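First up is the structure itself, then whatever we jot down about it.
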Amino acid sequence: MKKIFFALSLVVIFTSCTSQTKLGNPEVNPAEIQRKFMDWWTYQYNEIMLSRDFVALDSNSKEITKEAFLKVLSEGNYIPIRLESDKDVFYYKLFKIEPTSDTSIKASIAETAFNEIQNYKKEGEPFPEFSFKDLNDNLITNENLKGKIVVVKCWYIHCAACVKEFPDVNQLASKYKDRKDIVFLSLAEDSPEQLKPFLIRKPLSYAVVPNMKTYMNLTLQLNAFSTHFIINKKGFIVKVLSDYKALEVALVKVSEE
7 MKKIFFALSL VVIFTSCTSQ TKLGNPEVNP AEIQRKFMDW WTYQYNEIML SRDFVALDSN
67 SKEITKEAFL KVLSEGNYIP IRLESDKDVF YYKLFKIEPT SDTSIKASIA ETAFNEIQNY
127 KKEGEPFPEF SFKDLNDNLI TNENLKGKIV VVKCWYIHCA ACVKEFPDVN QLASKYKDRK
187 DIVFLSLAED SPEQLKPFLI RKPLSYAVVP NMKTYMNLTL QLNAFSTHFI INKKGFIVKV
247 LSDYKALEVA LVKVSEE
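Whatever position you read off the sequence shown (first residue = 1), add 6 for the numbering used here.
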């Protein structure tokens with residue numbers, strides 16, 4: 007009996023070890039990436055998309071919820087590192103911030119994670135009621151967008167990151183131009199007088215609604231820009247995303263449902 011128990015124990019241990027190795031090693035050395043803020047920022051910008059769907063792992067490689075993962079990050083004691091994987095699935099694991107790491111890294115991660123938590127909590131909620139007129143005087147309401155997937159970009163003229171992604175979001179809108187059930191809408195803080203000459207120089211393929219500062223700050227309670235919403239055909243928020251790359255991935259999934 008003892009021999010059988012011992013053999014079963016070995017099988018469990020072996021299975022546990024092999025399943026853990028399937029997660030792969032960290033993409034980068036967690037200690038080295040923390041030495042300089044710009045090294046960390048570049049890695050985070052290119053590889054860590056906290057808005058998107060991912061498998062969240064704690065520092066012991068135990069799977070936890072996305073919300074729990076973001077909460078730990080918001081406390082400023084850990085960094086997220088992606089683990090190597092053959093599949094198109096993102097595994098993010100928590101690694102302790104080194105005592106000698108750049109102090110800006112801790113502050114940056116805490117702020118980013120806090121904003122992502124606020125966005126994540128909005129998912130599954132109905133998008134607040136609205137009645138807007140865009141720059142072409144078209145009326146846009148909850149009612150006339152029923153039955154459509156709505157992609158909303160929130161931005162303002164002096165947000166460099168918002169404007170930088172114009173070519174990418176324009177390309178995304180072009181990709182779905184034949185999908186009559188997908189609408190691209192942008193809410194801008196600025197006035198029509200500011201937007202019209204600006205958009206001549208920097209075209210945006212979305213419908214643009216001006217004077218949305220109060221709505222975005224108070225009704226949508228945004229903490230950072232740009233922010234993207236994907237609203238399903240029933241008017242519920244499916245995803246809230248902080249960058250174009252995560253938006254592109256999420257829209258593929260939503261558009262196929």
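Note that CB positions come from ideal geometry on N, CA and C, so glycine has one too.
This one's a predicted model, so the numbers in the text were calculated from it and none came from an experiment.
Distance, residue j Cα to residue i Cα
i	j	result
Tyr98	Ile70	11 Å
Ala166	Lys240	33 Å
Pro203	Asp196	12 Å
Met55	Glu254	12 Å
Pro209	Leu29	42 Å
Thr27	Phe75	The pLDDT assigned to Thr27 is 39, lower than 50, so where the model puts this residue is not dependable; a value taken from the coordinates is nonetheless given after this. One C-alpha to the other measures close to 21 Å.
Ile103	Lys152	46 Å
Asn66	Leu178	38 Å
Thr147	Asp108	47 Å
Ala119	Lys77	7 Å
Leu191	Ser180	13 Å
Trp47	Glu53	10 Å
Lys186	Ile123	32 Å
Ser211	Val175	8 Å
Asn223	Glu129	17 Å
Trp161	Tyr250	13 Å
Lys245	Phe60	13 Å
Residue i, DSSP secondary structure in three states
i	result
Val175	helix
Ser232	coil
Ser261	helix
Ser248	coil
Ala194	strand
Lys9	Low confidence applies here, because Lys9 scores a pLDDT of 45, under 50, leaving its location unreliable; read the following figure in that light. The answer is helix: DSSP assigns Lys9 an H, G or I state.
Cys168	helix
Ser137	strand
Thr27	Bear in mind that a pLDDT of 39 at Thr27, under 50, signals an unreliable position, so the number given afterwards is only what the model happens to contain. The answer is helix: DSSP assigns Thr27 an H, G or I state.
Ala37	coil
Pro151	Reading off the sequence, residue 151 comes out as Leu, not Pro. Residue state, collapsed to three classes: helix.
Lys183	coil
Lys219	helix
Leu145	strand
Ile237	strand
Ile206	helix
Cys160	strand
First through last residue of the alpha helix (DSSP H) which encompasses residue i
i	result
Phe120	109-128
Met44	43-53
beta-carbon residue i near the ligand ADP non-hydrogen atom, thresh 7 Å
i	result
Ser232	The ligand ADP is absent from the structure shown, which contains no ligand whatsoever.
Worksheet entry | Sequence ranges, beta strand (DSSP E) only - wholly within the stretch 56-106, length at least 3 | DSSP runs (the beta strand (DSSP E)) wholly in the stretch 56-106: 61-63, 84-88, 97-102.
Worksheet item: Between the stretch 139-150 and the stretch 210-219, do three or more beta carbon pairs fall short of 8 Å?
Response: Touching, per the Cβ criterion.
Worksheet item: Is there contact between the stretch 184-196 and the stretch 86-96, where contact requires at least three CB pairs shorter than 8 Å?
Response: No contact exists between the stretch 184-196 and the stretch 86-96.
Practice prompt. Please confirm if the stretch 216-235 is in contact with the stretch 30-46, defined as three or more CB-CB distances below 8 Å between the two stretches.
Written response: Verdict: no, contact absent.
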